[in-house]
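A short worksheet on the structure shown next.
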Amino acid sequence: MSLTLGQLGLIHEFGTEHIPPRPFLAPAIENNRASISKLSGELLLKMLHGDMTSREALGRLGGHGQRLVQQQIRETYVPPNTEETIKRKGSSHPLIDTGSMMQNVAWEYEE
């Protein structure tokens, strides 16, 4: 059975019977509330002054969130992989095998 990246992300975020949770989405937001709030305020002011469209502002905010989630993936090492997993994949990093999940973190603007 082949998993999609979305399914893999869900498994890591919440865990399964055999895989411990290694959340990266919620902590990325929770640990960066101040920077998200600051950027949101700055972008709102730019929109109100006519210096930026809402689409541009949401793009900046989405890009910021994307970088925060990617950073969280790189920094998540707890709980550590088992020795068996490290041998199988050749790495001790719990959330990175090929880097595909991190590279595919994205945001989307919908009307």
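Going by our numbering, the first residue of the sequence shown is number 1, and it counts up by one from there.
For glycine and all other residues, C-beta sits at the position ideal for the given N, C-alpha and C.
Label His12 either buried or exposed according to how many other C-beta atoms from any shown protein chain fall within 10 Å of its C-beta, with 16 as the threshold for buried. buried
Three-way DSSP call (helix, strand, coil) for Ala57 in this model: helix
If the criterion is Cβ atoms closer than 8 angstroms, does the pair Leu25 and Leu61 meet it? no
Unbroken stretches of the alpha helix (DSSP H), 4 residues or longer, contained in the stretch 61-103: 83-89, 100-103
Under the criterion of a Cβ to heavy atom distance below 7 angstroms, does Leu68 qualify as lining the ligand HEM? The ligand HEM is not among the ligands present in this structure, which contains no ligands whatsoever.
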